[in-house]
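Since the structure comes first, as structure tokens, the remarks are kept for the end.
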Amino acid sequence: MSRLTDRLRAFHMSYWAPTVRTMHRWALVAVIANAGITVTGATVRVTKSGLGCPTWPTCTPDSLIPVAHPEHSPINMAIEFGNRMLTFAVLFTALACLLAAIRLPQRRTSLVVLAWLQPVGVAFQALWGGLVVRTMLNPVTVSVHFVASIALVAACWALYARAGEGDGPAKPLVAPAARVIGSLLIVAVLTVVLAGVVTTGTGPHSGDVAASRFDFDLETVARIHGTSVYAVVALTAGLWLVLRATGAPARAVRASAVLFGVVLAQGAVGYLSWFLAIPAYLVALHVLGATLVWIATLNAFTSLRVRGPLATAPTDVLVATSRGS
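Going from the sequence shown to this note's numbering is simple: count from 1 and add 1.
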């Protein structure tokens with residue numbers, strides 16, 4: 002019992018009386034949580050559970066939680082309601098990040114600003130999710146919902162990266178050519194994501210049989226999506242080669258290699274999905290891959306520069322402990 006009490010107290014202190022290390026950990030948890038709910042949202046869609054709870058903020062017109070409904074199976078209702086409940090876990094993580102940033106012994110404005118984006122972003126996503134349901138999974142609102150998820154993951158990564166470095170001006174660690182390629186990669190990956198969103202919004206997995214689709218030719222948008230992937234592959238390979246050739250730091254070389262591997266795996270899943278007539282399980286896996294590609298891209302990009310070491314006072318832990326007592 003005492004061990005459990007100690008762990009609960011340590012957990013509480015991690016955000017109420019944080020150190021630099023616990024702040025960094027909470028930021029990483031936020032990245033994972035937001036990436037996770039992005040994937041579970043895709044699971045809702047491919048299982049045709051998007052209208053499992055046909056209204057919002059309640060599940061049905063007469064109940065906050067799932068109850069027997071003639072038009073929706075209990076499984077679909079449970080999947081959609083479960084995904085809604087995950088929002089509270091993501092919100093808790095966001096609030097923990099904000100508290101940790103505010104209560105750091107050496108408060109950093111940059112972290113507080115980035116941390117505020119977490120609960121604001123989660124609140125926006127919750128409200129927009131309600132709009133998605135009320136518009137009967139209109140592909141435009143669904144697409145905005147996913148793009149907002151990607152933006153929130155980027156905000157979480159920015160907080161994670163900033164929590165592990167100082168507040169000095171960004172100083173490049175690599176050759177100018179590598180920096181240019183890194184910037185182009187951000188644009189290219191975002192282009193792939195947007196093309197993928199349109200492709201998915203045109204394809205068969207609408208989230209419910211009653212949902213509308215984009216009125217595009219599926220093969221055409223899929224080809225555009227695939228072509229944009231080639232650009233990402235070429236840029237990623239080019240970044241790795243330039244970093245190796247110019248003696249860049251090992252971290253940057255590793256980050257580009259990881260990105261290259263994730264991009265290749267994601268491309269393989271995409272082509273397999275197309276040739277197998279877009280099965281639901283591969284669509285969900287492809288969304289997971291897209292999220293991982295985005296995170297790996299952000300990791301590669303932030304590895305190209307440094308803001309200097311953290312200004313960590315040796316008394317951080319003592320100050321944090323005294324705060325919580």
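Just so you know, even glycine gets a beta-carbon here, dropped at the ideal spot from N, CA and C.
This one's a predicted model, so the numbers in the text were calculated from it and none came from an experiment.
Check                                                                                           : Outcome
Residue burial classification, Ala11 (beta-carbon count within 10 angstroms, cutoff 16)         : exposed
Contact set for Val143: own chain, Cβ-Cβ below 6 Å, skip 5 residues either direction            : Val133
Exposed unless 16 or more other CB atoms sit within 10 angstroms - verdict on Pro330            : This structure gives no information on residue 330, because the portion of the chain shown stretches from 2 to 326.
Within the stretch 99-168, ranges of the alpha helix (DSSP H) (whole runs, at least 4 residues) : 110-135, 140-164
C-beta atoms of Thr119 and Ala156 nearer than 8 Å                                               : A small fix is needed here, since residue 119 is Gln in this sequence, not Thr. For Gln119 and Ala156, yes; Cβs fall inside 8 Å.
Bridge-paired residues (DSSP) for Pro173                                                        : Arg306
Backbone secondary structure at Thr20 - three-state DSSP                                        : coil
Between the CA atoms of Lys49 and Ala285 - distance to the nearest angstrom                     : 12 Å
Three CB pairs or more closer than 8 Å across the stretch 239-246 and the stretch 77-92         : no
Nearest residue (CA-CA) to Val270, options His287, Ala256, Pro58                                : His287
Run of the alpha helix (DSSP H) containing Ile225, from where it starts to where it stops       : 219-246
Opening and closing residue of the alpha helix (DSSP H) in which Trp57 lies                     : Note, Trp57: premise wrong, no alpha helix (DSSP H); not H, not E.
Status (buried if at least 16 other CB within 10 Å, exposed otherwise) for Glu81                : buried
Delimiting residues of the alpha helix (DSSP H) encompassing Gly271                             : 251-276
Coarse secondary structure for Ser50, derived from DSSP in three states                         : coil
Cutoff 7 Å; reference Phe215; Cβ partners in own chain excluding five residues on either side   : Pro140, Val199, Gly202, Thr203
Strand pairing of His206, partner residues [DSSP]                                               : DSSP output for His206 lists no bridge partner at all.
Closest Cα partner of Gly290 within the set Pro106, Val264, Pro280, Leu273                      : Val264
Residue from Asp168, Leu277, Thr56 with nearest C-alpha to Leu128                               : Thr56
Backbone secondary structure at Ser64 - three-state DSSP                                        : strand
Distance, Thr23 Cα to Arg306 Cα                                                                 : 23 Å
Test item: CB-CB of Val233 and Ala189 under 8 Å                                                 : yes
Burial state of His25 (16 or more Cβ within 10 Å)                                               : buried
Presumed contact (8 Å Cβ cut-off) between Ser150 and Asn35, rounded CB distance                 : 7 Å
Bridge partners - His70, DSSP secondary structure assignment                                    : His73
Candidates Gln107, Phe93, Val259, of which the one nearest Ala121 by Cα                         : The sequence shown places Val at residue 121, rather than the Ala named in the question. The option with the nearest alpha carbon to Val121 is Phe93.
Coarse secondary structure for Arg214, derived from DSSP in three states                        : coil
Euclidean distance between Cα positions of Pro71 and Ser64                                      : 14 Å
Ala18 versus Val114, Val294, Ala97, residue with shortest Cα-Cα distance                        : Ala97
Beta-carbon proximity of Leu293 to Leu236, cut-off 8 Å                                          : no
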